[in-house]
Amino acid sequence: MSFLWKKRLGDSASDLLKHYYADILRRPEMLEALHAYDKAQLIMVAESGRAPKTAIKKLTKAIAGMERKGVVAEREALWNVIHGGEDYLRQKCGEDAAGWIHLGRSSPTIRVVATRIAFRQKLLEIMDSNLALRRAMIRLAGKHLKTLMPGYSYIQHIEPGTFGFYIMSFVEPLARDFGRLKNAYENANISSVCTGGGYGVEFDLDIERLDDLLGFETEMWNSRDSIRNYDYAVDAYMALALMHNTLGRLALDFLIWHSQEFNFIRLPGRHSITSSIAPQMRIPYVLEFVNGTSGLITGRLMEMLSVLKTASDQLEAATMLPAEFWTCCDESGAAIEALVDCLDEIEVNKKRMAEKAQAHWVQATTLIAYLVNEKGMSFRVAHQILSVIAQEVVDKGLPPADITVDMVEDAAIEHTGKKIGLTEDALKHTLDAWTGVEGRRYRGGTAPDRVRDHIKAAKAACTGDTKTLKALARGVERAEKKRDTAFDKLKAAMR
Numbered sequence: 001m002s003f004l005w006k007k008r009l010g011d012s013a014s015d016l017l018k019h020y021y022a023d024i025l026r027r028p029e030m031l032e033a034l035h036a037y038d039k040a041q042l043i044m045v046a047e048s049g050r051a052p053k054t055a056i057k058k059l060t061k062a063i064a065g066m067e068r069k070g071v072v073a074e075r076e077a078l079w080n081v082i083h084g085g086e087d088y089l090r091q092k093c094g095e096d097a098a099g100w101i102h103l104g105r106s107s108p109t110i111r112v113v114a115t116r117i118a119f120r121q122k123l124l125e126i127m128d129s130n131l132a133l134r135r136a137m138i139r140l141a142g143k144h145l146k147t148l149m150p151g152y153s154y155i156q157h158i159e160p161g162t163f164g165f166y167i168m169s170f171v172e173p174l175a176r177d178f179g180r181l182k183n184a185y186e187n188a189n190i191s192s193v194c195t196g197g198g199y200g201v202e203f204d205l206d207i208e209r210l211d212d213l214l215g216f217e218t219e220m221w222n223s224r225d226s227i228r229n230y231d232y233a234v235d236a237y238m239a240l241a242l243m244h245n246t247l248g249r250l251a252l253d254f255l256i257w258h259s260q261e262f263n264f265i266r267l268p269g270r271h272s273i274t275s276s277i278a279p280q281m282r283i284p285y286v287l288e289f290v291n292g293t294s295g296l297i298t299g300r301l302m303e304m305l306s307v308l309k310t311a312s313d314q315l316e317a318a319t320m321l322p323a324e325f326w327t328c329c330d331e332s333g334a335a336i337e338a339l340v341d342c343l344d345e346i347e348v349n350k351k352r353m354a355e356k357a358q359a360h361w362v363q364a365t366t367l368i369a370y371l372v373n374e375k376g377m378s379f380r381v382a383h384q385i386l387s388v389i390a391q392e393v394v395d396k397g398l399p400p401a402d403i404t405v406d407m408v409e410d411a412a413i414e415h416t417g418k419k420i421g422l423t424e425d426a427l428k429h430t431l432d433a434w435t436g437v438e439g440r441r442y443r444g445g446t447a448p449d450r451v452r453d454h455i456k457a458a459k460a461a462c463t464g465d466t467k468t469l470k471a472l473a474r475g476v477e478r479a480e481k482k483r484d485t486a487f488d489k490l491k492a493a494m495r
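In this text, residue positions in the sequence shown follow our numbering: the first is 1, and each later residue adds one.
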């Protein structure tokens, strides 16, 4: 039972209370964050001269002892997670000394400050994973600038493209995800220290010093807002869920393409299984998990939004939000690590992709473009001529290679009453799917030079985002060094 409750309640905590109040928060990330806050709090109280020197000396010795033995191990052994630091100090130093650590704090203050610190670290890790994934995609796309394949809509052929172009279509949403993750980081990195019960404190404490020691870069204006509103946590969930929604869609595409009917790609054996009854099967099982992770994370986002439908001062979200986020981060890290490995080692069946690109009328829009550009037709007139052709040949299963000039001319006469003047060479050139790829040379198009430009820009974006990530990480590292330096100075003064 928590030492705080004995005088007031005189009863042991129920299993449910133990689970949600303590057990689900007993994670290394949270324990380390709590310790960082306790350590910074002690430094601030000591520097302010608020506590007796004898108390500071005892507390400093106890904190140093915890660090020697291992912060996580020592805190894991304590029943109370949020007040574990004070409980530990109480056992080592007595209540008169340990009580000073709680100056200007409350349970919500401690919980939210530690959660913000822990979320901050997790978001740095997720941003790093995001960059690793984008780089893997860029590497893969660079190898397949001229790997012809059909483009799809509703899993039907629509226009010609390349595998490199397709892969690069996932890089941009991931780049936007990085921006969302950075925004979530900035919202998590708002200070919630010295808020008391949510209405400020009555003590003249050096709040800015605490911010500096903990690496918080934005001051709060309203104590109640800073510990009672959890939109910063929802931001993190939403950014992670959006990123994995993109990855789930990619995984499903790959799963379809891995089938015998498509036979476009093949994943490494380490990411596949076989059937217990059908040994011929090679099942890219990791893709199922990548897609499943998307569902799990989105589901937890919905859970958290539901949990937050409370009165504005209820606190169940304060424990449930961070606990579920740790699980999301674990699953995210594993999924992205596996996907990066798949992208680096994937086997692409270029011949099969090219065959399919030539076989099922992705060339239709290229022929429309020819009629617009070379024959001066409006887009809709050209489109309707191809609609006549589609009725005559596509619905009958005839491939583009079987189309003759006469067929196109007949369709033009049926719709417009006059011939086009199409030549055999022009038709042959237009019905080559690669012509359609190269012809889309304008902004956002499939032409290899356009994709090459995109890759160059995407690499530059990764470089910029890497600098951003390093700058954020350095801010956290600087705060840690300041804490350690200040604590070493405090230890020396207390000898």
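Virtual Cβ for every residue (Gly too), placed ideally from N, Cα, C.
Pairwise C-alpha distance: residue j and residue i
{"i": "GLY142", "j": "SER387", "result": "36 Å"}
{"i": "GLY439", "j": "HIS157", "result": "18 Å"}
{"i": "GLU480", "j": "LYS92", "result": "25 Å"}
{"i": "PHE325", "j": "GLU303", "result": "11 Å"}
{"i": "ASP96", "j": "ARG50", "result": "13 Å"}
{"i": "ALA175", "j": "CYS342", "result": "20 Å"}
{"i": "ALA486", "j": "SER223", "result": "27 Å"}
{"i": "ALA493", "j": "LYS58", "result": "12 Å"}
{"i": "GLN260", "j": "ARG352", "result": "11 Å"}
{"i": "ILE389", "j": "LYS356", "result": "20 Å"}
{"i": "LEU124", "j": "GLU47", "result": "31 Å"}
{"i": "CYS329", "j": "ILE126", "result": "7 Å"}
{"i": "GLU497", "j": "THR319", "result": "Nothing in the structure corresponds to residue 497, since the chain is present only between 1 and 495."}
{"i": "GLY104", "j": "THR195", "result": "6 Å"}
Buried or exposed (CB count within 10 angstroms, at least 16 for buried), residue i
{"i": "LEU242", "result": "buried"}
{"i": "ALA278", "result": "exposed"}
{"i": "MET168", "result": "buried"}
{"i": "MET281", "result": "exposed"}
{"i": "ARG478", "result": "exposed"}
{"i": "TRP100", "result": "buried"}
{"i": "PRO52", "result": "exposed"}
{"i": "TRP257", "result": "buried"}
{"i": "ALA311", "result": "exposed"}
{"i": "ASN373", "result": "exposed"}
{"i": "GLY179", "result": "exposed"}
{"i": "THR404", "result": "exposed"}
{"i": "SER129", "result": "buried"}
{"i": "LEU145", "result": "buried"}
DSSP-derived helix/strand/coil call for residue i
{"i": "ILE346", "result": "coil"}
{"i": "ALA220", "result": "It is worth fixing the name first, because residue 220 is Met in this sequence and not Ala. DSSP places MET220 in coil when its eight states are reduced to three."}
{"i": "HIS360", "result": "coil"}
{"i": "LEU321", "result": "helix"}
{"i": "GLN156", "result": "strand"}
{"i": "MET1", "result": "Any reading at MET1 must be qualified, since the residue scores a pLDDT of 44, below 50, and its modelled position is unreliable; the value itself is stated next. Note: MET1 maps to coil in three-state DSSP."}
{"i": "ARG380", "result": "helix"}
{"i": "ILE277", "result": "coil"}
{"i": "THR109", "result": "helix"}
{"i": "PRO150", "result": "strand"}
{"i": "ARG266", "result": "strand"}
{"i": "ILE297", "result": "helix"}
{"i": "ILE24", "result": "helix"}
9 Å Cβ cutoff met for residue i and residue j
{"i": "ALA426", "j": "LYS418", "result": "no"}
{"i": "TYR37", "j": "VAL193", "result": "yes"}
{"i": "ALA317", "j": "ALA233", "result": "yes"}
{"i": "ARG75", "j": "GLY84", "result": "yes"}
{"i": "PRO284", "j": "LEU308", "result": "no"}
{"i": "LYS375", "j": "ILE420", "result": "yes"}
{"i": "ASN187", "j": "GLY248", "result": "no"}
{"i": "ARG120", "j": "TYR166", "result": "no"}
Residue i beta carbon near the ligand NAP (any heavy atom closer than 8 Å)
{"i": "LYS61", "result": "Among the components of this structure there are no ligands whatsoever, and the ligand NAP is therefore not found."}
Cβ of residue i within 9 Å of any chain B Cβ
{"i": "ILE277", "result": "Looking at the structure shown, chain B is missing, and only one protein chain is on hand."}
**Report entry** Length-filtered (3 minimum) beta strand (DSSP E) runs lying within the region 366 to 430
**Finding:** none
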